[in-house]
Amino acid sequence: MSDLGTADVQAELQAYLNNKNINTLFIQIVESLLIEKPDNPIGFIVEYLRNKYPEQVGVTEQVAAANEFLLADDDEENSDDEDDEEDYLPEMEEMPKKPYNRGGGRRASVSAESVNPNAPAPEIAKHPKSDEECALIGKLLGDNVLFKNLEEEQLKMLQDAMFPVEFEDGATIIQQGDQGDNFYILSEGTVDCFVDFEGEQKKVLEYTTGGSFGELALLYNAPRAATCKATSHCKLYALDRVAFKVLLMQSTIANRNQYKEFLDGVDLLDSLNDYEKLTIADALEIEAFDDGTVVCRQGEKGDCFYIVKDGEASCTQTDASGEQVEVARLGQGNYFGEIALLTPKMRQATVTAVGQLKVMKLDRKTFKRVMGPLEEILKRNMEHYNKVRAQNI
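Position one of the sequence shown corresponds to residue 607 (this note's numbering), numbered consecutively onward.
See below:
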């Protein structure tokens, strides 16, 4: 798919976020979590949505109940995929139905400005850092939920773009209500975080060396959700929103196009259109293996599909005498385990990393969540579907 086609998809998704006011909803949820700090954040979010949007949640629950009734007799697939259909979330304690009141003030606007992938990208300056600083920043970026799924190359670009700033004791680093522009990592000092709630300033967090804050500013052109003040002399590294979006846009477009090219070569996914393949590309996870590490083992139940991104892997099978015999070498773009998207069939071979190996993987649960059952997709082309089923009887 061309960059222009990718831009069209991004514009469509951005329009959906804006039309449904998703950005504002996310900001509200995060603010509520910071104020209440619940032990069970998932349950808190469920109750928050139920209390704030009772009519919409009620309709959703009615539809879910109807679907459950209609699917009550569909036991065959459930028995085949019993392990595969586990709940994503642990059992949650019942949350009290306490109404959430924010006060009557009108919310400031929230937006996620778009970056045109076809426009010349602004030059992003690189700021030199010591090995110790690079190690600290790299670890913190990797641990942060916003960055943890980024690839090593992407993290390195963001790390290079971060610039040093200092604040004296008592200085305000970010002010609730101001427009956010930077994300910060604290390399030295201490910072207190406050939220204005019902006319009072409530301390919600304290940051020490290694702490980070202001992530929302990288995603949205939104007012700050809290105030952060230095409680000692502080040294921080900052990343601005433009650098973040430009760097991630460039690498994300390149990665998505590469992933789609890989998916184009997977015979099992021939029935998918370009948009569906891009949806799968966005769901792929990156996993790295050291030399000699077994990725999947012959005879074990399979639930993941893999594509080699970088490196090499050896594919072996056990012969009649019990010896391991290499049957294939897999390089960039080669894939294996694709039948795991269709059925939990036992692995037919052992795949082992030869040197450093990086793969893209997708499990059956995730595939069903974003695309629905693969069997239904394959049935678009019955000849192809029958061929796949015949090969795996």
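No residue lacks a Cβ here, since even glycine has one placed at the ideal position from N, Cα and C.
Just so we're clear, the structure is a prediction, and the values are computed from it rather than from any experiment.
His839 sits close to Glu774, with the two beta carbons spaced by under 8 angstroms. Counting C-beta pairs closer than 8 angstroms gives fewer than three between the stretch 802 to 809 and the stretch 730 to 746, which falls short of the contact rule.
The stretch 826 to 835 makes no contact with the stretch 851 to 865; the number of CB pairs closer than 8 angstroms stays below 3. Sequence-distant Cβ neighbours of Lys866 in its own chain, meaning closer than 8 angstroms and more than five residues away, are Met607, Asp880, Lys883, Leu884, Ala887.
The DSSP assignment places 788 to 794, 797 to 803, 806 to 813, 833 to 836, 840 to 846 as complete runs of the beta strand (DSSP E) inside the stretch 788 to 861, in order along the chain (cut-off: 3 residues).
Sequence-distant Cβ neighbours of Glu821 in its own chain, meaning closer than 6 angstroms and more than five residues away, are Leu752, Phe789. When DSSP reads this structure, Asp873 sits in no beta bridge, so it has no partner. Three or more beta-carbon pairs drawn from the stretch 956 to 966 and the stretch 911 to 923 are found closer than 8 angstroms, and the two stretches are therefore classed as touching. DSSP places Gln962 in the uninterrupted beta strand (DSSP E) bounded by 956 to 969.
Counting C-beta atoms within 10 angstroms of its own C-beta, Leu619 has fewer than 16 neighbours from the protein chains shown and is therefore classed as exposed. Here the alpha carbons of Gln962 and Gly917 stand approximately 6 angstroms from one another.
For Ser920, the pairing in a beta bridge is given by DSSP as Arg935, Thr958. For Ile779, the enclosing beta strand (DSSP E) starts and ends at 778 to 780. The beta carbons of Gly939 and Phe868 sit closer together than 8 angstroms.
The beta-carbon distance between Ala919 and Ala889, rounded to whole angstroms, is 22 angstroms. This is too long to meet the 8 angstroms contact definition. Contact annotation: Ala955 and Gln904 have beta-carbon atoms nearer than 8 angstroms. The C-beta of Ala836 has 16 or more other C-beta atoms within 10 Å across all chains shown, which makes the residue buried. A straight-line Cα-Cα distance of about 18 angstroms links Asn629 and Val848. In terms of Cβ geometry, Ile780 and Gly786 form a close pair [threshold 8 angstroms]. The Cβ-Cβ distance between Gly908 and Gly871 does not fall below 8 angstroms. A check of alpha carbon separations from Ile983 across Gln930, Arg953, Ala926, Ser877 identifies Ser877 as the nearest. DSSP, read as helix, strand or coil, puts Pro660 in helix. Out of Lys626, Arg862, Glu758, the CA that lies nearest to the CA of Glu893 is found in Glu758. Under the DSSP assignment, Glu882 falls in the alpha helix (DSSP H) whose first and last residues are 880 to 889. Non-local C-beta neighbours of Leu639 in its own chain, meaning closer than 8 angstroms and more than five positions away in sequence, comprise Pro647, Phe650, Ile651, ordered along the chain.
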